[in-house]
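Notes follow the structure.
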Amino acid sequence: MAIGGRLMLGVVIYGLLISLADGEIHRAKTSSHKSGGRGSRDIDVAILADDMFGSEGLDTWIYAILASILVGLSGIFPLLVIPIEAGPALKHGASANRLKLLLSFAVGGLLGDVFLHLLPEAWEHLDKEGHNHDGHMKVGLWVLGGIISFLVIEKIFAKEGEFDHIGDEDETESDSSLKEPKNTNSTDSLRQRETKDNSKKTETTDKSSNNPPVSQPIKVSGYLNLLANVIDNFTHGLAIGGSFVVSNKVGAITTFAILLHEVPHEVGDFAILLRSGFDRWKAAKAQVLTSSGVLVGTLTALTAESAQAAGERTAWILPFTSGGFIYIALVTVVPDLLEEKHGRESVKQVICLCAGICSMALVSLIH
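Throughout the sequence shown, residue numbering follows mature numbering (1 follows the signal peptide of the UniProt record, and there is no 0), covering -23 to -1, 1 to 344 in sequence.
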């Protein structure tokens, strides 16, 4: 798995470098036709190589890649901090209550990220470019596109039986109402029912003792959350790479701001993955794998002609990711929170949801 990831990363880097080199050679050819000599093309290529791999350019690459790795490692933070068990223990008792509190924090973090960070940044980009009402409508369409895309993906890839628990509860209630014994004076029929029930219980206990424990299946919502994180991390990588191109100081400040944003975000993502069936270590490894989006975004910004051009080509990513986060928060997680029957726990969940929103608001103010 690690070898395949390195190979894929190498192919991506090689393709980016080839596309950049082709563009520079094309521009060098046009300038050489104007000047009438080959020496100008060699000079342009030499200047390009010096800008990218000279002493200052190499430092920029090193610092930007190290910053992207640091942001990616923030996915391990919840594993070290959150004292919660995974597996069937999450469905009952204190662990279930703690998970619901974390899920409430995750909902607040996702909604705060959408409405206080991602969408305002998309609108600010449009205002800088001088777009009219049509540009703002496109942002709304991309948000709707993200919601519908995640809905379609979950419909297509939902595993068989993932939503069967809803129908099973209705069936068990109807079966229990049908199987209630009628008021009869026949004691023999009651004894026969008791013997049949006892035999069924012994059969089920024998089967459960002979069969090994089945691992908990992973829900599609967990993979949807990982997909949204990869896209979101790509935008963070663009910001890191573009800021280090400006200066190392601006890059360091941007990296610190992204880390402040990512830590509460990763806590919520960790809770969503646990709810989807991941265990602690699988969730941590999945979070680290999604950090590849940061590295790809950083390399894209470093190899682009300018950070502004890269931002313009990927402007649709912010509203599309916003739609995905809205779907995950309101469709995937909130229904679990609505099942809470205890008033005290419900108040705690609302407080945690507000805490998630406040954390994103604080990060936006600092940023």
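Even glycine gets a Cβ: it sits at the ideal position worked out from N, Cα and C. Please read all numbers here as calculations on a predicted model, not as lab measurements.
Integer-rounded CB distance, given that Thr232 should sit under 8 Å from Gly274 = At roughly 13 Å, the Cβ-Cβ gap does not stay under 8 Å, so Gly274 and Thr232 are not in contact.
How many angstroms separate the CA atom of Gly122 from the CA atom of Phe297?
-> Spanning the alpha carbons of Gly122 and Phe297 requires a straight line of approximately 7 Å.
Can you list, in chain order, the stretches of the alpha helix (DSSP H) that have 4 or more residues and sit fully within the stretch 279 to 324?
-> Taking 4 residues as the minimum length, the alpha helix (DSSP H) runs contained wholly in the stretch 279 to 324 are 284 to 290, 294 to 304, 311 to 315, in order along the chain.
Straight-line CA distance for Tyr304 to Leu204?
-> 13 Å
Name the two residues that bound the continuous alpha helix (DSSP H) containing Leu215.
-> 197 to 223
Counting pairs of Cβ atoms below 8 Å between the stretch 115 to 132 and the stretch 310 to 322, do you hit three or more?
-> By the Cβ test, the stretch 115 to 132 is not in contact with the stretch 310 to 322, since fewer than three Cβ pairs between them sit closer than 8 Å.
With DSSP as the reference, label Asp111 as helix, strand or coil.
-> In the structure shown, Asp111 adopts helical secondary structure according to DSSP, grouped into three states.
For my contact list, Asp209 and Ala83 are in at a C-beta cut-off of 8 Å; report their separation, rounded to the angstrom.
-> Not really, about 14 Å apart at Cβ, beyond 8 Å.
When you compare only the Cα positions, how much space is there between Val340 and His102?
-> 19 Å
Under 8 Å by Cβ, that's how I've got Leu295 and Leu35 pegged, so tell me the actual separation to the nearest angstrom.
-> Actually they do not touch by this definition, with Cβ atoms about 31 Å apart.
Any chance the stretch 50 to 57 sits against the stretch 212 to 228, with 3 or more Cβ pairs inside 8 Å?
-> no
Compute the beta-carbon to beta-carbon distance between Ile195 and Ser269, rounded to the nearest angstrom, for a pair I have assumed lies under 8 Å.
-> Not really, about 20 Å apart at Cβ, beyond 8 Å.
Interface flag, Ile294 vs chain B, CB-CB below 9 Å | The displayed structure is made up of one protein chain only, and chain B is not part of it.
Roughly how many angstroms separate the alpha carbons of Ala306 and Ile217, rounded to a whole number?
-> 27 Å
For Leu87 versus Gly300, is the C-beta spacing smaller than 9 Å?
-> no
Taking C-beta to C-beta, are Gly214 and Leu272 nearer than 9 Å?
-> yes
Which stretch, first to last residue, makes up the alpha helix (DSSP H) that contains Leu93?
-> Note, Leu93: premise wrong, no alpha helix (DSSP H); not H, not E.
Out of Asn225, Leu266, Ala44, Trp119, point me to the one whose CA is closest to Val207's CA.
-> Leu266
Nearest-angstrom Cα separation, counted from Ala44 out to Thr37 | 11 Å
Do you know offhand how far Ala263's Cα is from Ala281's?
-> 28 Å
Would you report the Cα separation of Asp147 and Ser81, rounded to the nearest angstrom?
-> The predicted position of Asp147 is uncertain, since its pLDDT is 47 and thus under 50; a value taken from the coordinates is nonetheless stated next. Going from the Cα of Asp147 to the Cα of Ser81 covers about 27 Å.
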